[in-house]
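Working notes, structure below.
There are 2 protein chains.
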Amino acid sequence: MAKNCFSVIIAGGKGTRFWPLSRAQRPKQLLKILSRKSLIEETVERVTSLCGREQTLVVTISEQLAALRKELGQLPKNNFLAEPEGKNTAPCIGLAALEVTRSRPDAVMIVLPADHWVADVNKFRRTLKAAIELAMRTDQLVTIGIRPDYPETGYGYIVKGKAIKGESGAFVVKRFTEKPDHAAAGRLIRQGSLWNSGIFVWKAATLLELLARYQPNIAHGLDAIRKQANGKSLANSNSTLRAAIIREYKKMPNISIDYAVLEKAGSEGKVLTLEGDFGWSDVGSWAAAHRMMRKDAQGNAGNGRWLGLASKNCLVHAPDRLVVLLGIENAVVVDTADALLVGDLRRSQEVRELVDELKRKGFGSLTIK
Amino acid sequence: MAKNCFSVIIAGGKGTRFWPLSRAQRPKQLLKILSRKSLIEETVERVTSLCGREQTLVVTISEQLAALRKELGQLPKNNFLAEPEGKNTAPCIGLAALEVTRSRPDAVMIVLPADHWVADVNKFRRTLKAAIELAMRTDQLVTIGIRPDYPETGYGYIVKGKAIKGESGAFVVKRFTEKPDHAAAGRLIRQGSLWNSGIFVWKAATLLELLARYQPNIAHGLDAIRKQANGKSLANSNSTLRAAIIREYKKMPNISIDYAVLEKAGSEGKVLTLEGDFGWSDVGSWAAAHRMMRKDAQGNAGNGRWLGLASKNCLVHAPDRLVVLLGIENAVVVDTADALLVGDLRRSQEVRELVDELKRKGFGSLTIK
C-alpha cells in the first residue's frame, strides 16, 4: 500500500442512461446490474488496497451524499466531499486535489469514475501501481489507456506518441480524439490507439499548478476555498466553509478535466498514457451492460426470474416478477415498480433522450426516485 | 323480442391464449381488453334484447360458476348451467337444449360463444332475428357465416351450396372446412366461402333429435338427466339431480358440436348458413385483439399508460405502470402483478403452448389465478 497516494472516486452520475432502473436519486453507480454489489461498491473494493481506506475519497453532489455514505459504510464519514452543484469534472477534481494536498502536499492522486467495470482486478491494481510510480517519478499527468477490444464509437481515444524509455507500456500522448464514427474507430485501433478510460494518476500539486495556468477561474475559486478552510477538511460541515464552497463553485465554469487541462497539457507533450489490459468498460448503456453479463447459448442475459422462448440477444432485468420473452431479439426489458422499459438493445444510447422526453410528457416524477 | 327463443351463451374458456392476463380462473371471456366491459358482459348485452333476460342462459364449468354469476348480476341465478367437467361443445349444447325444451318444447335456441367481438351490434341483431325466423320456418340447423375480411388461417370456413329461395343471404351448406393454410384461405374467399362463426340457431328439439340419431351416447345421458330432473331446472342444486349430471357427463364423449352433428347433418343437406356482415372476430389471440383495437398513427394500441417512441404495430396492456417502448416493432407487452409477457405479436398463437411450457418449468402457479 502506497502511503503517499489517494484514490479519488468521482460519483456524480445523473441516473439517465439506465432508466427506468436509474433515477436522479438512484444513479448508475448505485445500481446492481453486473453483480450483487453496486458499481461504486465494486470500485471502492478495487482500490482500497492501493492507498488505504483512510486515503480513499469520494466526491459527489450534495443530493447524493447521504445515499453514498450509507452505501459505502466502510469509508470514514469525512472522506466524502460534496459539490454544491454538478460542474463537470474539472472543478470536482480540483476540489479533490485541494483536499489531498491539505493532508499530503506531495501525494499522488488516482482519479476514478465510480461506475466502471473491470474484469481482472489484480491486473488493474498492478497497472495502477505502475501508474502511481510513473507519476511520482516523472511528475507528469498519467492517463490509463485501454487496449481496445472492438471499434467502440462511444469512447474517446488516445493516440500514442513515442514510448517512454524503461517504462513498459508507457507512451507520450500524441493527441486525444473525440468519439469517432465506426470507420474512424477502426482506423484508430489499427494505428494502436487506446480507449481513454477516464482514469488519471498525477500529483495533486501538479494538477493544481496546471489549473492555475490553464483555468485561472477555477484556480481562483479553489484558492478562496483553501483560505476559508484554513487547514480544515473540505468535508467539514462548518457553515462558513460550506458557504464559501457554494459561492466559489457558482462562479466556476462547467468544464471537463479533459478540455480544461489534459488536452492543453497534452499539446505541450506533458501527458503520458500507460496501457491497461485488464478488461474494462464504462458501462455506458444497457447494451454495454449486456456485453459484460453472463449469457445463455442464445445470447440472453438477465437478473431475476425470466424465461426466453425462441428469443436471442436480450437483456432482462426483473427482480420482482417473471418475465417471459416469446420470439424477441435484441431487446432490453427493465422492470421496476412503477415503470417498464421495452427497448431495442441497439438503441439503448437513446435512453438518455428518452428521459428528457418523459419529463416533457409529464412523466417527470418517474425519473426522480 | 321473440317469446319463443332462448340465447345460450357458452362460457368454457381455459384462459391460455391471453396469458399472462388470462389464467385458468380468469379466462378470456372475463377479460377487459377491447372495452371497459368484459367480453361476456358485452355478449350478454348484445343478445338480451333478442330473447329477453329471463331466456338468456349461460353454460359454464363448475369452477367458473361463481365468478360468472358475479360478473353477470343482471341474469337470474337459475339461468346458469354448470357442466361438471369440460367436454367440448356437444354435451354442453345438448344440456342447454334439454333445459330449453323443459320450459318451451318448440323454442329456438341461439348458441353463442361468450368471448367474441362484434362491431355493428344492430346489424348483428338483425341477422340473428332473421336466423331465428329461418330456423322456425325451415326446422333446419342455421349457422351464421361471416363474410371474410382477409384470408385468416385460424378459422374454419363454410363452403356455400345453393341459395334458399326467398331468404336473403341464406344458403345450403355444401361443406365445412378445417382451418386452411394461407393459400387455401385465399381460394376459399375467392369462391365466396364464409368464416364459420360458431354461432348457431336451431330448434332445441331438432338438435336433440339429431343428437339421438348421430350421438346416441350423448342422447342417452341426456335422457337419464331429464328423467332425474323430472321437470325441474337443470340449474337446480338438488343433490340427486347434480349427481346424475356428474355421472352421465362422465360417460359422454369429448366432442365438438361441429363433428358430432353439423358435419353429419351438413352432408345430408340439412344445414343452412345465413350470411352476416356485422364485423366479427373470435378474439383468438393478442394479434386478433390488436386488429380490433384503436391504434395511433404508428399502429400502436394500448390499455393503460404507455408511450411508444420510434415504435410500430405494438400492443401494450398495462393497467398499473407506465410502459415505454423504444424502437420496438410488432410486439405485445402484457403487464400483470406477477408476470410480464414481451412477445412477437405475430407469434401470439404460440401463447397457448407457452402456458404448457410454464407448467413444465415450474411456473404453473402463474397460470392459475
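Sequence lines, in order, name chains C and H. Read in order, the letters of the first sequence are residues 128 to 496 in my numbering. Read in order, the letters of the second sequence are residues 128 to 496 in my numbering. Virtual Cβ for every residue (Gly too), placed ideally from N, Cα, C. Source: prediction; values computed, not measured.
Name the chain C residues that come within less than 8 Å of residue i, Cβ to Cβ?
| i | result |
| --- | --- |
| Val469 (chain H) | Val450, Val451, Leu452, Leu453, Ile455, Ala458, Val460 and Val469 |
| Arg153 (chain H) | Near Arg153 (chain H) there are no residues of chain C at all, since even the closest Cβ is about 17 Å away, more than 8 Å. |
| Arg474 (chain H) | Ala437, Leu453 and Gly454 |
| Leu481 (chain H) | Leu436, Val451 and Leu453 |
Between the Cα of residue i and those of the options, spot the shortest distance and give me the residue it belongs to.
| i | options | result |
| --- | --- | --- |
| Ala362 (chain H) | H:Asn206, H:Glu190 and H:Gln318 | H:Asn206 |
| Gln267 (chain C) | C:Asp462, C:Ile384, C:Thr400 and C:Ser438 | C:Thr400 |
| Lys422 (chain H) | H:Trp407, H:Glu336 and H:Cys441 | H:Cys441 |
| Ser134 (chain C) | C:Thr183, C:Ile372, C:Pro446 and C:Leu157 | C:Thr183 |
| Leu157 (chain H) | H:Arg196, H:Gly403, H:His347 and H:Met419 | H:Arg196 |
| Gly272 (chain H) | H:Arg302, H:Asn249 and H:Gly293 | H:Arg302 |
| Val269 (chain C) | C:Ala257, C:Pro275 and C:Thr280 | C:Ala257 |
| Val300 (chain C) | C:Leu468, C:Ala209 and C:Val398 | C:Val398 |
| Gln201 (chain C) | C:Gly221, C:Leu222, C:Pro211 and C:Glu172 | C:Glu172 |
| Gly431 (chain C) | C:Ala416, C:Ile455, C:Val461 and C:Met419 | C:Val461 |
| Trp244 (chain H) | H:Ile326, H:Val451 and H:Leu485 | H:Ile326 |
| Ile237 (chain H) | H:Lys391, H:Lys488 and H:Ile136 | H:Ile136 |
| Arg150 (chain C) | C:Gly489, C:Val388, C:Ile259 and C:Thr463 | C:Thr463 |
| Ser394 (chain H) | H:Ile285, H:Arg180 and H:Leu452 | H:Ile285 |
| Asp465 (chain H) | H:Phe490, H:Leu321 and H:Lys486 | H:Phe490 |
| Asn457 (chain H) | H:Ala194, H:Glu484 and H:Gly426 | H:Gly426 |
| Arg144 (chain H) | H:Leu208, H:Gly213 and H:Val482 | H:Val482 |
| Asn365 (chain H) | H:Lys306, H:Arg264, H:Asp350 and H:Ala209 | H:Ala209 |
| Lys164 (chain H) | H:Trp146, H:Ala241 and H:Arg369 | H:Ala241 |
| Glu484 (chain C) | H:Ser475, H:Ile495, H:Val459 and H:Ala437 | H:Ala437 |
| Glu375 (chain C) | C:Cys219, C:Arg153, C:Arg180 and C:Glu181 | C:Cys219 |
| Glu390 (chain C) | C:Gly293, C:Thr304, C:Glu168 and C:Arg231 | C:Thr304 |
| Pro211 (chain C) | C:Asn131, C:Gly348 and C:Arg369 | C:Arg369 |
| Thr187 (chain H) | H:Gly348, H:Ile259 and H:Pro154 | H:Pro154 |
| Ala217 (chain C) | C:Ala234, C:Glu279, C:Gly296 and C:Gly348 | C:Gly348 |
| Lys214 (chain H) | H:Ala138, H:Arg231, H:Arg180 and H:Gly283 | H:Ala138 |
| Pro203 (chain C) | C:Ala246, C:Glu190 and C:Val185 | C:Val185 |
| Leu453 (chain H) | C:Lys486, C:Leu467, C:Ile384 and C:Gly140 | C:Leu467 |
| Ile372 (chain H) | H:Lys250, H:Lys354, H:Val388 and H:Ser383 | H:Lys354 |
To which residues does DSSP link residue i through a beta bridge?
| i | result |
| --- | --- |
| Phe298 (chain H) | H:Ala290 and H:Thr400 |
| Leu268 (chain C) | C:Val398 |
| Pro240 (chain C) | C:Ile137 |
| Glu456 (chain H) | H:Lys439 |
| Val469 (chain H) | C:Leu452 and H:Val460 |
| Ile273 (chain C) | C:Trp322 and C:Gly403 |
| Phe303 (chain H) | H:Ile285 |
| Asn430 (chain C) | C:His444 |
| Val235 (chain C) | C:Cys132 and C:Lys330 |
| Val245 (chain H) | H:Trp407 |
| Arg153 (chain H) | H:Arg150 |
Along chain H, in chain order, which residues have C-beta atoms closer than 8 Å to that of residue i?
| i | result |
| --- | --- |
| Lys306 (chain C) | Going along chain H, no residue has its Cβ under 8 Å from Lys306 (chain C), so there is no contact; the nearest lies around 21 Å. |
| Ala466 (chain C) | Arg448, Leu449, Val450 and Val451 |
| Phe490 (chain C) | Leu434 and Leu449 |
What residues of chain H sit near residue i, judged by a beta carbon separation below 7 Å?
| i | result |
| --- | --- |
| Leu493 (chain C) | Leu449 |
| Leu148 (chain C) | Simply none; closest approach about 13 Å. |
I want to verify the contact list: residues of chain H whose CB lies under 9 Å from the CB of residue i, in sequence order.
| i | result |
| --- | --- |
| Glu477 (chain C) | Leu436, Ala437, Leu453 and Gly454 |
What does residue i touch in chain C if you count any residue whose Cβ is under 7 Å from its own?
| i | result |
| --- | --- |
| Glu484 (chain H) | Leu436 |
List in chain order: all unbroken beta strand (DSSP E) runs of 3+ residues lying wholly within the region 315–352 of chain H. 321–330
Would you call the region 315–335 of chain H and the region 223–240 of chain H in contact, with 3 or more CB pairs under 8 Å? yes
Are there three or more Cβ pairs, one per stretch, closer than 8 Å when the region 303–314 of chain H is compared with the region 445–453 of chain H? no
Any contact between the region 337–348 of chain C and the region 377–392 of chain C? By contact I mean 3 or more CB pairs, one from each, below 8 Å. yes
Segment contact flag, the region 410–425 of chain H with the region 471–479 of chain C, C-beta cutoff 8 Å, min 3 pairs: no
Alpha helix (DSSP H) runs wholly inside the region 170–228 of chain H, at least 4 long, in chain order: 189–198
Length-filtered (4 minimum) alpha helix (DSSP H) runs lying within the region 370–399 of chain H: 390–394
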